[in-house]
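K.L.:
Got a structure for you, questions after.
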Amino acid sequence: MLATESRGPASPEPVSAASFQIDVPDLVLARARRGEARALETIYRAFERPAYTLALRMVGDAESAREVVHDAMLRLIERIGQFRGDAPFWGWLRQIVVNESLMRLRKDRGVAFDEFDDADEPPGDAPPPWLLADAARLERALMRLPAMTRSVLWLHHVEEYTHQEIAAMTGKSVSFSKSQVARGGTRLRRLLETETKESAPCLAATI
Amino acid sequence: MSGRDHLDIHPSATPLAAALRALPEAAPMPDLWPDLAKTLAERKRPRWRRYAIPLGAAAALAIALLVPTLATHERVEAPIAWTPVTTNATADELAALHDRSRTLERWIAAVSARAPQDGRDLMAAVEVEDLIGLVDVQLGGANGDADALPLWRQRVALLEDLAAIRGNGAAFAATGEQDGVVPASLNLLN
Numbered sequence: 005m006l007a008t009e010s011r012g013p014a015s016p017e018p019v020s021a022a023s024f025q026i027d028v029p030d031l032v033l034a035r036a037r038r039g040e041a042r043a044l045e046t047i048y049r050a051f052e053r054p055a056y057t058l059a060l061r062m063v064g065d066a067e068s069a070r071e072v073v074h075d076a077m078l079r080l081i082e083r084i085g086q087f088r089g090d091a092p093f094w095g096w097l098r099q100i101v102v103n104e105s106l107m108r109l110r111k112d113r114g115v116a117f118d119e120f121d122d123a124d125e126p127p128g129d130a131p132p133p134w135l136l137a138d139a140a141r142l143e144r145a146l147m148r149l150p151a152m153t154r155s156v157l158w159l160h161h162v163e164e165y166t167h168q169e170i171a172a173m174t175g176k177s178v179s180f181s182k183s184q185v186a187r188g189g190t191r192l193r194r195l196l197e198t199e200t201k202e203s204a205p206c207l208a209a210t211i
Numbered sequence: 007m008s009g010r011d012h013l014d015i016h017p018s019a020t021p022l023a024a025a026l027r028a029l030p031e032a033a034p035m036p037d038l039w040p041d042l043a044k045t046l047a048e049r050k051r052p053r054w055r056r057y058a059i060p061l062g063a064a065a066a067l068a069i070a071l072l073v074p075t076l077a078t079h080e081r082v083e084a085p086i087a088w089t090p091v092t093t094n095a096t097a098d099e100l101a102a103l104h105d106r107s108r109t110l111e112r113w114i115a116a117v118s119a120r121a122p123q124d125g126r127d128l129m130a131a132v133e134v135e136d137l138i139g140l141v142d143v144q145l146g147g148a149n150g151d152a153d154a155l156p157l158w159r160q161r162v163a164l165l166e167d168l169a170a171i172r173g174n175g176a177a178f179a180a181t182g183e184q185d186g187v188v189p190a191s192l193n194l195l196n
């Protein structure tokens, strides 16, 4: 079924890999292959939010994410005739968005070599802070991670790419992908805990 | 996805994954579709209209580059003897590509300064400029001439594309072409 219902800002839906998993009917694909604007727009409308969300999580700023989605959709339009249908269409489109995002990261910041040096710290006994943090805090902390770390974390945890797949896409090793996921989690925990400590006096003062 | 890591916990089963997946979706603002539709409409133009103007611009570029060269070479040069490929072939080709690249860049700068750019062409030009930037990044990491040679070829090819697009704007400005009217220079070809 083609999910074309618009999701208004008042009722945001949780992001998941499933949000990209939209099966486009063969008829719409056939019309899109013929270059029919209405069919292409239907496809665009179906995927604009998952594509933009993925791009935003990877590149980290709204303007770059818009450009990534724009370029990815142009690639899609250019190459839709080459789509053979032996894999899900959404997976093909998602891969285009991921590739465009990685290209943008490499181009803008040489981020392919962006690794942070802090050592892994074993988590304490306290419950992970993301269990307690609201979405806005978690999102703020996520955006403070180094771009490649955030991208790998997102690709693995949300889009469910394997470490092997991430290694192939980023041109890095499987252990690089695993370490980015582990360190990203550690860094995120630290960022959330720090923010909690910093905001605590304010909260106390307001009570 | 296929080939899931068997030794890992399924990522979606971790609390962090659940928290990340619960973040709200975002939407591009403002809407991207009008830009995309415009590009799409541009690409659906008849082939002769898509290619005639860039081809005309490319021909003009070729003439612009050749005429000064011919004018400064009044004497007929003796034919250059054929020489076998040497180990310097790569360096020679690189030097030629550097020259060509500089020439094209100067021409593009001159044409761009002369003519306002049509919106569609501006988008295409920005895309090609992005690709040139990407090649430049790769050139920064190239190890030696052998690595750099294919990148320089790519750079020159992209600059030629950019020259054609920028020249398109110049052609519009020069001929005052209105939509659907073929430039006079192209009528000469018919």
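Heads up: the protein sequence lines correspond to chains Z and C, in order. Everything in the first sequence is counted per my numbering, starting at 5 for the first residue and increasing by one. Everything in the second sequence is counted per my numbering, starting at 7 for the first residue and increasing by one. Beta carbons: idealized from backbone N, C-alpha and C, even for Gly.
Nearest CA to the CA of TRP94 (chain Z): which residue from Z:LEU149, Z:ARG108 and Z:LEU58?
P.N.:
Minimum Cα distance to TRP94 (chain Z) is reached at Z:LEU58.
K.L.:
When we look at the beta-carbon of ASP127 (chain C) and count the other beta-carbons within 10 Å, is it buried (16 or more) or exposed?
P.N.:
buried
K.L.:
Could you check whether the Cβ of THR175 (chain Z) sits closer than 7 Å to any Cβ belonging to chain C?
P.N.:
Per the sequence shown, residue 175 (chain Z) should be read as Gly rather than Thr. GLY175 (chain Z) does not count as touching chain C.
K.L.:
Whole angstroms is fine: what's the gap from LEU42 (chain C)'s alpha carbon to LEU78 (chain Z)'s?
P.N.:
Taking the straight line joining both Cα atoms gives about 7 Å.
K.L.:
For PRO30 (chain C), name the three-state secondary structure that DSSP assigns.
P.N.:
strand
K.L.:
Between the region 71-88 of chain Z and the region 31-40 of chain C, are three or more C-beta pairs nearer than 8 Å?
P.N.:
With the cut-off at 8 Å, the region 71-88 of chain Z and the region 31-40 of chain C touch.
K.L.:
What does ALA41 (chain Z) reach in chain C if we use C-beta pairs closer than 7 Å?
P.N.:
ALA43 and LEU46
K.L.:
Can you look up PHE87 (chain Z) in the DSSP assignment and give me helix, strand or coil?
P.N.:
coil
K.L.:
Just the C-alpha distance for GLY89 (chain Z) and ARG83 (chain Z), rounded to the nearest angstrom, thanks.
P.N.:
13 Å
K.L.:
Given that MET152 (chain Z) touches chain C, what residues does it touch there, using C-beta distances under 8 Å?
P.N.:
Within 8 Å Cβ-Cβ: nothing; MET152 (chain Z) doesn't reach chain C, min ~16 Å.
K.L.:
Closest to ASP98 (chain C) by CA distance: which of C:TRP158, C:THR109 and C:ALA130 is it?
P.N.:
C:TRP158
K.L.:
Check whether the region 66-74 of chain Z touches the region 132-140 of chain Z, counting contact only when three or more Cβ pairs, one atom from each stretch, lie closer than 8 Å.
P.N.:
no
K.L.:
Which residues mark the beginning and the end of the alpha helix (DSSP H) in which GLY125 (chain C) is found?
P.N.:
125-146
K.L.:
Do you know how far the Cα of VAL185 (chain Z) is from the Cα of GLU143 (chain Z)?
P.N.:
16 Å
K.L.:
Taking the alpha-carbon positions, what's the GLY85 (chain Z) to THR190 (chain Z) distance?
P.N.:
Their Cα atoms are separated by approximately 44 Å.
K.L.:
According to DSSP, is ASN103 (chain Z) helix, strand or coil?
P.N.:
helix
K.L.:
Once DSSP output is grouped into helix, strand and coil, what is the label at GLU99 (chain C)?
P.N.:
It is helical.
K.L.:
How would you list, in chain order, the residues of chain Z whose beta-carbon sits under 8 Å from the beta-carbon of GLY139 (chain C)?
P.N.:
Contacts between GLY139 (chain C) and chain Z, judged by CB atoms closer than 8 Å, involve LYS111 in chain order.
K.L.:
Report the rounded CA-to-CA distance for ALA152 (chain C) versus MET152 (chain Z), giving the unit in angstroms.
P.N.:
Their backbone Cα atoms lie some 30 Å apart in a straight line.
K.L.:
Whose C-alpha, out of Z:SER155, Z:MET62, Z:LEU195 and Z:PRO92, is nearest the C-alpha of VAL28 (chain Z)?
P.N.:
Z:PRO92
K.L.:
For PHE178 (chain C), does the three-state DSSP call read helix, strand or coil?
P.N.:
Because the pLDDT of PHE178 (chain C) is 45, which lies under 50, any placement of that residue in the model is unreliable, and the question is left without a value.
K.L.:
Any residues in the region 141-163 of chain C with a beta carbon nearer than 8 Å to a beta carbon of chain Z? Which ones, in chain order?
P.N.:
Along the region 141-163 of chain C, the positions whose C-beta sits under 8 Å from a C-beta of chain Z are VAL143, read in chain order.
K.L.:
Just by C-beta distance, which residues in the region 26-37 of chain C are closer than 7 Å to chain Z?
P.N.:
LEU26, ARG27, ALA28, LEU29, PRO30, GLU31, ALA32, ALA33 and PRO34
K.L.:
What three-state label does DSSP hand GLU40 (chain Z) in the structure shown?
P.N.:
coil
K.L.:
Use the C-beta contact count for PRO54 (chain Z): other C-beta atoms within 10 angstroms, 16 or more gives buried, fewer gives exposed.
P.N.:
buried
K.L.:
Using a Cβ-Cβ distance under 7 Å, would PRO40 (chain C) count as near chain Z?
P.N.:
At a cut-off of 7 Å between C-beta atoms, PRO40 (chain C) does not count as an interface residue with respect to chain Z.
K.L.:
Where does the unbroken alpha helix (DSSP H) through VAL156 (chain Z) begin, and where does it stop?
P.N.:
Bounds of the alpha helix (DSSP H) holding VAL156 (chain Z) are 151-161.
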